[in-house]
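Protein chains in written order, with this note's numbering: chain L, 3 to 412; chain R, 3 to 412; chain B, 3 to 412; chain C, 3 to 412. Note that beta-carbon positions come from the ideal geometry of N, C-alpha and C, so glycine has one too. Here the structure is a predicted model, which is why all the values come from computation and not from measurement. Notes to accompany the following structure.
There are 4 protein chains.
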Amino acid sequence: MTWDYSAKTVDLLKRLTAFFDEHIYPNEARYEAEMDAFRRGGDAWQQPAVVEELKVIARRQGLWNMFLPHEYRGVPGISNLDYAPLCEVMGRVAWSGEVFNCSAPDTGNMETLERYATPAQQDRWLQPLLDGRIRSAFLMTEPAVASSDATNIQCDIRRDGDHYVINGRKWFSSGAGSPHCAIYIVMGKTDVHAPRHAQQSMILVPAGTPGVEVERHLSVFGYDDAPHGHMEVSLTDVRVPVENILLGEGRGFEIAQGRLGPGRIHHCMRSIGAAERALEMMIDRLQTRVAFGRPLAEQSVWHERIAESRCMIDQARLLTLNAAHKMDTVGNKAAQAEIAMIKVVAPNVSCKVLDWAIQAHGAAGVSQDFWLARAYAHQRTVRIVDGPDEVHRRAIAKLELAKRTAARGL
Amino acid sequence: MTWDYSAKTVDLLKRLTAFFDEHIYPNEARYEAEMDAFRRGGDAWQQPAVVEELKVIARRQGLWNMFLPHEYRGVPGISNLDYAPLCEVMGRVAWSGEVFNCSAPDTGNMETLERYATPAQQDRWLQPLLDGRIRSAFLMTEPAVASSDATNIQCDIRRDGDHYVINGRKWFSSGAGSPHCAIYIVMGKTDVHAPRHAQQSMILVPAGTPGVEVERHLSVFGYDDAPHGHMEVSLTDVRVPVENILLGEGRGFEIAQGRLGPGRIHHCMRSIGAAERALEMMIDRLQTRVAFGRPLAEQSVWHERIAESRCMIDQARLLTLNAAHKMDTVGNKAAQAEIAMIKVVAPNVSCKVLDWAIQAHGAAGVSQDFWLARAYAHQRTVRIVDGPDEVHRRAIAKLELAKRTAARGL
Amino acid sequence: MTWDYSAKTVDLLKRLTAFFDEHIYPNEARYEAEMDAFRRGGDAWQQPAVVEELKVIARRQGLWNMFLPHEYRGVPGISNLDYAPLCEVMGRVAWSGEVFNCSAPDTGNMETLERYATPAQQDRWLQPLLDGRIRSAFLMTEPAVASSDATNIQCDIRRDGDHYVINGRKWFSSGAGSPHCAIYIVMGKTDVHAPRHAQQSMILVPAGTPGVEVERHLSVFGYDDAPHGHMEVSLTDVRVPVENILLGEGRGFEIAQGRLGPGRIHHCMRSIGAAERALEMMIDRLQTRVAFGRPLAEQSVWHERIAESRCMIDQARLLTLNAAHKMDTVGNKAAQAEIAMIKVVAPNVSCKVLDWAIQAHGAAGVSQDFWLARAYAHQRTVRIVDGPDEVHRRAIAKLELAKRTAARGL
Amino acid sequence: MTWDYSAKTVDLLKRLTAFFDEHIYPNEARYEAEMDAFRRGGDAWQQPAVVEELKVIARRQGLWNMFLPHEYRGVPGISNLDYAPLCEVMGRVAWSGEVFNCSAPDTGNMETLERYATPAQQDRWLQPLLDGRIRSAFLMTEPAVASSDATNIQCDIRRDGDHYVINGRKWFSSGAGSPHCAIYIVMGKTDVHAPRHAQQSMILVPAGTPGVEVERHLSVFGYDDAPHGHMEVSLTDVRVPVENILLGEGRGFEIAQGRLGPGRIHHCMRSIGAAERALEMMIDRLQTRVAFGRPLAEQSVWHERIAESRCMIDQARLLTLNAAHKMDTVGNKAAQAEIAMIKVVAPNVSCKVLDWAIQAHGAAGVSQDFWLARAYAHQRTVRIVDGPDEVHRRAIAKLELAKRTAARGL
């Protein structure tokens, strides 16, 4: 039993950290400035030049598509455990993932296409995604129903000759705001009379298909998260060829389950990276501000919070790495409790540490002058998306209850 | 010992609630639409017509300047205890206070002018404020120092013949974004060699005085809070006549202390109003959404949260009313522990209830479709402004420690 | 709306506090010594002489039977609101209530007899209780079922000619350990086929009736709480005359509801008294211990805890007084939400403050050298008896849910 | 990076678990009965026969002295990481450690003697300890000072010819109640004028040396924890030969530091074992009790708590194993942050889970009928002994602050 990162991860981590020091942190202000200029100009939904520039450098350095679980057409695969620490670094700057072609929801969509798409579908959509030429969105959540229960989904996918006709309304479709977003994976129902978990199908819908309308963005607290965005998309009599179905009718739930695990690891490690950065900022502020005659850093209430932050962060990281290892060794299904646990723990930890860091900054902490309020808004949202805390805790409890029932021989 | 609201409050409350039902809630969407139009047009710092229209109606109904602690030129006074329940109602819609000429920071500024200004200063500034013709700002907090310790303030006010010359940088100057904002009360230091609490002075600076620049707004989470705003204001060689000083040189700290109490009651009761509304929305959502076969409202984890919300809200209200009563009967100074306590308790309660309400709404809860995320951002900020939680808890603890020292005869 | 204690309460409070200073605190060590001597002698279930001595003094001073809600045979009545502050004082020393003939479960039992018993029953049992010549127990909770749901009660009461025959097993029968305990009020079922809330009856069973066996005491954490005790009592073919029924067959649930309210106020105010004492002890310890070069009282983590303690205690007290006032003015039924709320809030507050106080004392805090661990054990138990937190939170939530359903006109 | 237990641990764990199933759990009632009989007989400080019987079986099965870090006279050594999971099992039954000669404070004392004692000291004391023929105590904490700051220790050790003369008062000397306790390791000061961390020395004092008096036991929430016990011991002019000093004068602080790490791992893993057992009991109870028409196990508030328990326990275990691994690979000094973290986390987790388990049991949960209240009392104490939470959080914070100071190049 050893706990050190693999040589592969150590190497990638070193290079990635160096890239952040050289290219990401120094460009955070430029990124914000470019986006602010877009906003002032009345159209926030544009790609900032800095990202495109940095993509070229990252790809040249081999810091590209690092996430892919299995070797695919020359892109080497990586285990969840080896990739996880890289996500932690990328979690420190929200827009950094795209620089390395490692950003959600593209990673999940690429995994889905690598695993479930036909070669033709892969040629058409996976390759340009891997090349960073296009981006993608995943249209799952619907405004009218509690989407944490996937059986509630109402989007209608109906076969009509050689086409499927799609009608529905989706929202919080992350990434659909990007001008590069070219393809949507849409979850809907092809047969409401089938068994509960065989009603759903997933289908590929190219952006710009008639009947698709990106109606508006949903803000997260007051942030638009442009150009990525969380969009409301209506689908009205949208027709796509039958070849666009993924894996076949009624396989949607199966695909949804299959794509879940790795994305959770990524999300959670990014949450941990955000928490680490928040802790650093908290300490830096406390060490440089004086009130009532003493640096804030000498006050024991802050000692308690710093210590609690360190305890929470280290535990969340170990839990997430443990889940990654379990996924790598026994599979997503057997690791379902571990995956549910990190989904609850990691964003709650990052929210708590960010909240303290905001408090340490005073009013500045809620403003645009620091990264903290924006990061909080994002992490708070992570406690909801991909299933709210309550749904995951329920799942964990059910597994625990079943264990005891079995132990008592009932 | 009785706990019922006075007849005066019962009457005002009834009329105010009716006004909300008839004029405020039905206009919330219009207010947002007007502000969004301003933002899309590139200038958010404009007064929405709806507010001006409603001001006329409110004034006509006698729901105007209800806050004033003492009778002043025909405006009747009201006790803190009698006024507090009205603030709770106004806390349900952030912009509603202005409709009744009862919005911060104008209320605090008007109280200050009523209490400390010369008749000439009152003629010039207090009367138009009471008429709702102009608005005002209070320039206290500075970006460079921990302003929760008022002795850290650095803004320089220097006598030069018949003028004072002011140099400094202020931020989070709430209300300074309004196009109607005509007067600033500025806190600075006239004598850094005086005793610690006699260095500060307050001075009246008309908006538009040469050298005053409203440089930018500070966002709160992602919200600009236009047109009110939280502004960064630089003061460079700003000259105002010596008559503009309030009460005299070195009296700034005294004024700051004197104006604190009532504003805290207002803030806290508004926080409680926000919490009440959040609880209502939480329940309404839980009663109308189904997951895993049952309405969310039937799940006992939500029972716990609803019950905790009710317990917290009712306790916070009683604590605040108790503080108001103590201020009315024994004065702000003797009620300092009670005032510090509500400043900690009320916004923490509203943040907690709002956070649960957001969780009950799923992703919709963080978006612009509901009032919740915006309200959370505001309430989270209340935990910082006018002194962060830590400063108030420290003050409470010092009083408790002193009590025991005295009790043990040390 | 005023918040001051009535003149009657102020007077009683002053005299009661003086009695504590003169007679109770100075005798705490003696009480423990007497009880320890009993324990070492192998029989803890004896009445310590100090209590009997102090009863005489208290009665002489008119500090006797202060709890009675209504005037009864010359004993003056008192409102819940007026009596509550006295309970707070008595909460500071667990055994003090008996000195004033104001201790549970006798108070609740005496109220029950005053309200529901026949004159003959009152002559036989209420008068000696009011005189402090005997004590009593209330046999409700059963080991075999979740007794927080009163419909689960299984104890069987069957009519047999001029007698009732009782069979059942009760536990946590508080007070049944006392050598003075002469009468039990027993809750059981006379008709399991009646409607759910008409199955229960209450009946008077004299201690020593054949078939009654006090089998053992239940400890609370490691404390036996002798001589009061929490006893397990078996009832095997216990025969009592039909005249011993209270109010009539099927009225047990009604009586149970009727006796609940005042006892809750008493419990909760005692919890608040315990919390106050814990806070005092916490501060005293912090002010007299030095670690790492500074008194603990100067460390800001303790400032936070002291301030939080004060905020929690004052809120809990206001909430309880408000519930008392509501009971006095609109009745127990209309005050059911308020009563449920204090039952959750008060013991949770006292547990939290006691836990911090223990921590402030280091290892000494868990030992017999301080009152803290014993008080914690008791307060922790209050979170369970008379319904666990979860049951009361559920009741509060149901009322809130119903309010919104009504508000929305559903 | 792998996370599986070593083959050695897997084997020991399997055999240890089987031993518990066959010999420990079935004897828990007998242990309590034997101790109760001692208590009723007036002398609780006797060794129950069941422990002596089981020691023979355990030793025969090779489940004996498993804790020793290094090979010593034929006893094989074990790493912290390999031993830790065994402690988790032993944490499920408080008295079980002695059966395997793996109980505190003997393990820490044996490690100390193995590491710092002379061969003569080892022959005299270590060998009988390893044989389970005698037990030992560690006399560190003093009633008069905040002993969490070791420099506060006041016990005086003065050289007088060929002897040391010891005067002082110790308490919470765990294990000193045992009739088998034959040797004390005493911490005191040999030179109050030496540098702060060179004033202390440790010395061996045989039980029964004239001047040593075991005055009384300290209870822990009402429990005497006999026959082990937490004793108050006075040392009055106690004379021991100079050969009894450990390592030399002024080395006491060094020894104290050296002995800390492994004991912390043991304590924390036992806390985790206690938490696991509490979670099992919580679930079992919830699955077998019905209230308001449904099993408690179906109520979602309990789902939340079960899930939170699982998340907390798994994180605490990973954190502790990580600390153990770090101690094994880079040493106690480099692992000081990790050790401090687990000391805070593990007992807080077990207290929380135990508290919920008690709540799930209703009043039964605080009584002697279940293991829960006793376990809570013990775990609550672990949050204080070996340094209270606050001291460890302070240490963690200091390390974090230093890291940032270094990172910013200050």
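With DSSP as the reference, please indicate the residues paired to residue i in a beta bridge.
i, result
"R:Ser-138", "R:Ile-185"
"B:Gln-202", "B:Lys-191"
"B:Arg-296", "B:Ala-293"
"L:Met-233", "L:Ser-175 and L:His-219"
"R:Val-240", "R:Ile-168"
"R:Pro-416", "With chain R covering 3 to 412 only, the question about residue 416 of chain R has no answer from this structure."
Ordered along the chain, which non-local residues of its own chain (more than five positions away) have a Cβ less than 8 angstroms from that of residue i?
i, result
"L:Met-3", "With a pLDDT of 43 at L:Met-3, under the threshold of 50, the predicted position of this residue should be treated as unreliable, and no value is reported."
For residue i, collect the residues of the same chain with a Cβ closer than 6 angstroms to its Cβ; drop the 5 residues on either side in sequence, then sort them by chain order.
i, result
"B:Ala-280", "Val-355, Leu-356 and Ala-359"
"B:Gly-231", "Gly-179 and His-219"
"L:Arg-385", "Pro-349 and Asp-391"
"R:Met-142", "Met-189"
Where residue i and residue j are concerned, what is the direct C-alpha to C-alpha distance, given to the nearest angstrom?
i, j, result
"L:His-269", "C:Asp-6", "25 angstroms"
"B:Pro-243", "B:Pro-208", "11 angstroms"
"C:Ile-247", "C:His-195", "19 angstroms"
"C:Ala-146", "R:Arg-410", "20 angstroms"
"L:Thr-322", "L:Ile-344", "6 angstroms"
"C:Asp-151", "R:Cys-157", "44 angstroms"
"C:Ser-236", "L:Arg-312", "41 angstroms"
"B:Gly-43", "C:Glu-310", "46 angstroms"
"B:Ser-369", "C:Asp-227", "12 angstroms"
"L:Gln-201", "B:Ile-267", "56 angstroms"
"B:Glu-100", "B:Val-53", "7 angstroms"
Would you kindly check if the distance between the Cβ of residue j and the Cβ of residue i is under 8 angstroms?
i, j, result
"R:Gly-364", "L:Ala-148", "yes"
"L:Tyr-225", "L:Arg-32", "no"
"C:His-394", "C:Val-346", "yes"
"B:Gln-123", "B:Leu-249", "no"
"B:Arg-396", "R:Ser-302", "yes"
"L:Leu-70", "L:His-327", "no"
"C:Pro-181", "C:Trp-47", "yes"
State yes or no: is the C-beta of residue i nearer than 7 angstroms to some heavy atom of the ligand SAM?
i, result
"L:Lys-354", "Judged by which ligands are present, the structure shown has none, so any question about the ligand SAM falls away."
In chain order, what residues of the same chain have a beta carbon less than 7 angstroms from the beta carbon of residue i, not counting five sequence neighbours either side?
i, result
"C:Gln-129", "none"
"R:Arg-198", "Thr-153"
"C:Pro-107", "Ser-138, Ala-139, Phe-140, Ser-176 and Gly-177"
Could you work out which residues of chain E lie near residue i, taking near to mean beta carbons separated by less than 8 angstroms?
i, result
"R:Ala-299", "No chain E appears in this structure, whose protein chains are L, R, B and C."
Residues within the segment 360-373 of chain R neighbouring chain L, beta-carbon criterion of under 8 angstroms | Ile-360, Gln-361, Gly-364, Ala-365, Ala-366, Gly-367, Val-368, Ser-369, Gln-370 and Asp-371
In chain order, what residues of the segment 301-316 of chain L put their CB closer than 8 angstroms to some CB of chain B?
-> Gln-301, Ser-302, Val-303, Trp-304, His-305 and Glu-306
Taking any Cβ of chain R, which residues in the segment 395-411 of chain B have a Cβ under 9 angstroms from it, in chain order?
-> Arg-395, Arg-396, Ala-397, Ile-398, Ala-399, Lys-400, Leu-401, Glu-402, Leu-403, Lys-405, Arg-406, Thr-407, Ala-409 and Arg-410
Got a sec: which bits of the segment 322-347 of chain L sit with their beta carbon under 7 angstroms from any beta carbon on chain C, in order along the chain?
-> Asn-324, His-327, Met-343, Val-346 and Val-347
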